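Here's the structure, in structure tokens; my notes come after.
Residue numbers (full-length UniProt numbering): 1 to 239.
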């Protein structure tokens, strides 16, 4: 994924507000990037632009060499189904479907053939192979989030986006999910983008980018949770 000169505003005239200004970002295979920033920093707007949910005023977002800002709604829906795997804090599993059917749902929606062996393989990778015939309500929160990761991977996407994936989990389950995300990047040659408020989660990433007032405010690489927390506090104090 490559982002160049991305800017996004809301409103018009004197009340026009710039949520993002001149954002550049490059995500390459086998890299794990975290984005952090105080409330109102522009994280959600940036994520929406990267997923094609919002149209930027200027700039481009390219995935696999394709500028997604030029796609129509049908093209964007196809992009989200097949080329980007998204994991949310609330899991977003379908309660009436089994784990196996939840994992294969993106293929079904895209009209693609469902490979049962691939479903089982991903279930093994994320550690939920024993739950394939259960419903989400029969799983713990950590198990549900691992199912969500398997679902995100089923289409072999070019990018995994995790939006506060540990926000609803206890510490032990969070550690398992973060370790899984780390292994997805390292072992499956994926690229991952994590949006989080949690310095412990961000510390698992290769680099942490700090966003405030819609602009990048610096980055850390190989930092500890303490260092990330201090940097985030500093960013929040800047005028």
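Just so you know, even glycine gets a beta-carbon here, dropped at the ideal spot from N, CA and C. Predicted, not measured: the structure shown is a model, and the values here were computed from it.
Between residue 85 and residue 27, the gap from beta carbon to beta carbon reaches 8 Å or more. DSSP places residue 186 inside the alpha helix (DSSP H), whose first and last residues are 171 to 187. In the three-state reduction of the DSSP assignment, residue 119 falls in the helix class, which pools H, G and I. Burial check for residue 113: the Cβ neighbour count within 10 Å stays below 16, so the residue is exposed. Membership of residue 43 in the alpha helix (DSSP H) is indicated by the continuous run 43 to 50.
Here residue 74 is exposed. Its C-beta has fewer than 16 other C-beta atoms within 10 Å. Beta-bridge analysis with DSSP links residue 66 to 63. Ranked by how close their Cα comes to the Cα of residue 237, the residues 132, 223, 211 have 211 in first place. With a cut-off of 8 Å on Cβ pairs, the stretch 146 to 163 is in contact with the stretch 98 to 114, counting three or more such pairs. Between residue 2 and residue 62 the beta-carbon gap is near 5 Å, inside 8 Å, which marks them as a contact.
In this structure, residue 126 sits away from residue 162, with a CB-CB distance that is not shorter than 8 Å.
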